[in-house]
Amino acid sequence: MSEMRPRPAGVFSNAVVFLATAVVQSRPRFTEGPESRLLGPYLSCWDYWTLVMVVVEFPVHVYCGDINITESLDTTSAANPIGDYYLASRSPAKFVCKMPLAAVQEEQEKPLTGQYDNEYDSEEEESQASRRRRQSSWRENIGCTLSLLVVTSIVSAVMGALLASRNVDLDKRCSAYTSQYSPVLKDVKIKYDVVAFNGSFKAQTIYRQNASPEVDAAWEALGLDSRAGVIPLSEGPASGLTPHHVQVSEKHGGGYFVNVEGMHHLHCLNLLRKGLWYNYDYYHELGEHAFKNEEPILRLHVSHCLDTLRQVLMCNMDTGVLGQVWYGHPEGPQAFPDFQSRHQCKNFEEIRDWAVALQAPPAEELPVDYMKSPLAGDVMPGDM
1 MSEMRPRPAG VFSNAVVFLA TAVVQSRPRF TEGPESRLLG PYLSCWDYWT LVMVVVEFPV
61 HVYCGDINIT ESLDTTSAAN PIGDYYLASR SPAKFVCKMP LAAVQEEQEK PLTGQYDNEY
121 DSEEEESQAS RRRRQSSWRE NIGCTLSLLV VTSIVSAVMG ALLASRNVDL DKRCSAYTSQ
181 YSPVLKDVKI KYDVVAFNGS FKAQTIYRQN ASPEVDAAWE ALGLDSRAGV IPLSEGPASG
241 LTPHHVQVSE KHGGGYFVNV EGMHHLHCLN LLRKGLWYNY DYYHELGEHA FKNEEPILRL
301 HVSHCLDTLR QVLMCNMDTG VLGQVWYGHP EGPQAFPDFQ SRHQCKNFEE IRDWAVALQA
361 PPAEELPVDY MKSPLAGDVM PGDM
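Heads up, the sequence shown is in UniProt numbering, so the first residue is 1 and it goes up one at a time.
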């Protein structure tokens with residue numbers, strides 16, 4: 001006869017069967033009769049471990065004599081023929097192994113006269129034996145329960161230690177997931193810290209004050225005017241660069257010219273500041289940087305920066321919320337947005353230092369052949 005394999009079951013359903021079985025144990029059941037052999041009024045310790053093995057998907061089989069009765073856990077019919085044997089319907093807490101079918105038929109044909117002559121004489125002895133079996137089963141099940149608790153605790157401790165040992169760097173993973181790769185992610189240990197924004201409406205920081213050398217120095221200290229630097233050719237493809245981008249000639253080591261995007265965004269914000277109506281005249285008279293150009297070019301430069309910042313803010317949409325606070329007013333307390341909010345911020349200073357250190361020498365100091373000459377397909381249209 002081919003082996004009967006247990007029907008696959010999900011971990012959840014097996015766990016339910018296991019828990020239900022533990023409850024059934026509290027109700028002792030006995031099957032008596034000349035044609036039945038009781039495997040146990042409760043689940044034995046071996047039965048417990050069988051169910052545990054099923055829960056973790058081990059191929060456990062329960063045998064009644066030479067017959068595999070593992071599938072009988074799901075039996076709902078009154079009788080389940082299996083070759084020359086048959087199994088009675090049973091709960092998961094009790095397995096009853098019937099005699100061979102031929103033996104049962106032979107037993108049923110016997111006359112009833114004299115069959116139970118001594119039944120009442122042995123009733124007290126059977127009752128005592130039943131109590132002994134019940135007490136023995138309870139002791140066995142208590143030992144199994146305690147052993148299961150010990151094993152479960154050990155497994156939980158081991159799994160917890162394994163998970164803790166992984167030391168997942170969430171800051172690194174978050175920055176890599178939310179940013180285009182660049183050597184910055186490899187060279188700088190990105191960290192996130194809570195920073196309280198200075199959103200004061202009237203108290204102005206140095207970055208908000210009217211144009212002056214001191215204000216310009218504060219903005220320039222942010223690294224926004226740092227020159228392009230060079231990264232290795234091997235870092236180009238992962239950083240989104242192609243052979244069409246400007247490169248250093250092989251004679252001078254090769255590589256790609258790059259700027260850190262965050263520095264460019266600050267450059268754009270600074271240009272918008274300079275273009276504000278109360279600062280424009282000051283910088284127009286200085287005639288430096290973007291203000292060297294004619295008015296139409298300057299306007300295009302400013303609008304380019306404006307739209308770049310729009311896209312950056314939309315791409316990195318801040319999902320925080322602004323509450324409101326009460327502030328004094330001659331007509332009574334008024335509600336006003338609370339701009340003193342807190343944010344998870346990257347370690348800007350380290351990123352800025354990386355960008356500044358990456359800078360190539362000023363253009364006037366570079367050799368004439370420092371850049372690799374462009375190929376025909378590398379030159380973009382002039383009206384881009």
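Every residue gets a Cβ at the ideal spot worked out from N, C-alpha and C, and that includes glycine.
Should K191 and D171 be called a contact, given that it needs their Cβ atoms to be closer than 8 Å?
Result yes, Cβ atoms of K191 and D171 sit closer than 8 Å.
Would you call the region 295-303 and the region 327-339 in contact, with 3 or more CB pairs under 8 Å?
No: the two stretches stay apart, fewer than three of their Cβ pairs being nearer than 8 Å.
What do you reckon, are the CB atoms on V312 and S226 nearer than 8 Å?
The answer is no: Cβ separation not under 8 Å.
Mind checking whether L222 and R352 have CB atoms under 8 Å apart?
L222 places its beta carbon less than 8 Å from that of R352.
8 Å Cβ cutoff, L271 in contact with chain D:
Any reference to chain D falls outside this structure, which holds one protein chain only.
Cβ-Cβ separation, C268 to L309 (assumed contact under 8 Å), whole Å
That belief holds up - the Cβ atoms of L309 and C268 are roughly 6 Å apart, short of 8 Å.
Taking the alpha-carbon positions, what's the K346 to G262 distance?
If you take the alpha carbons of K346 and G262, they lie about 11 Å apart.
From the DSSP output, in three-state form, read off V195 for me.
V195: strand per DSSP, three-state reduction.
Just list the residues that DSSP pairs Y327 with in beta bridges.
Paired residues: Q334.
Measuring only the C-alpha atoms, how far is Y278 from P213?
Approximately 15 Å between the Cα atoms of the pair.
DSSP state of R227, grouped into three classes?
Reduced to three states, the DSSP call for R227 is coil.
Quick one: measure Cβ to Cβ for V230 and K372, integer angstroms, because I've assumed they're closer than 8 Å.
Contact flag wrong, Cβ pair sits at about 12 Å.
Can S239 and S153 be called in contact, C-beta distance under 8 Å?
No, the pair does not count as a contact, with Cβ atoms beyond the cut-off.
Do you know how far the Cα of K274 is from the Cα of Y207?
Rounded to whole angstroms, Y207 and K274 show a C-alpha spacing of 11 Å.
DSSP three-state call for H265: helix, strand or coil?
In this structure, H265 counts as helix in the three-state DSSP scheme.
Thinking just about the alpha-carbon of each residue, which of W354, R342, S147 is nearest to the one in V258?
Of the residues W354, R342, S147, the one whose Cα lies closest to the Cα of V258 is W354.
Paired residues, beta bridge with C345 - DSSP
According to DSSP, C345 shares a beta bridge with D193.
Please indicate yes or no: does the CB of L286 lie closer than 7 Å to some heavy atom of the ligand GTP?
The ligand GTP is not part of the structure shown, which contains no ligands of any sort.
Where the beta strand (DSSP E) containing V258 begins and where it ends
Counting along the chain, the beta strand (DSSP E) containing V258 begins and ends at 256-258.
In terms of alpha-carbon separation, which member of V158, G199, P232, S200 lies closest to L358?
Restricting attention to V158, G199, P232, S200, the CA atom closest to the CA of L358 is found in P232.
With 16 other Cβ atoms within 10 Å as the buried cut-off, status of N210
So N210 counts as exposed.
Rounded to whole angstroms, what is the Cα-Cα separation between C144 and D169?
A straight-line Cα-Cα distance of about 41 Å links C144 and D169.
Anyone know if the C-beta pair for H289 and F197 falls short of 8 Å?
In this structure, F197 does not lie closer than 8 Å to H289 by Cβ.
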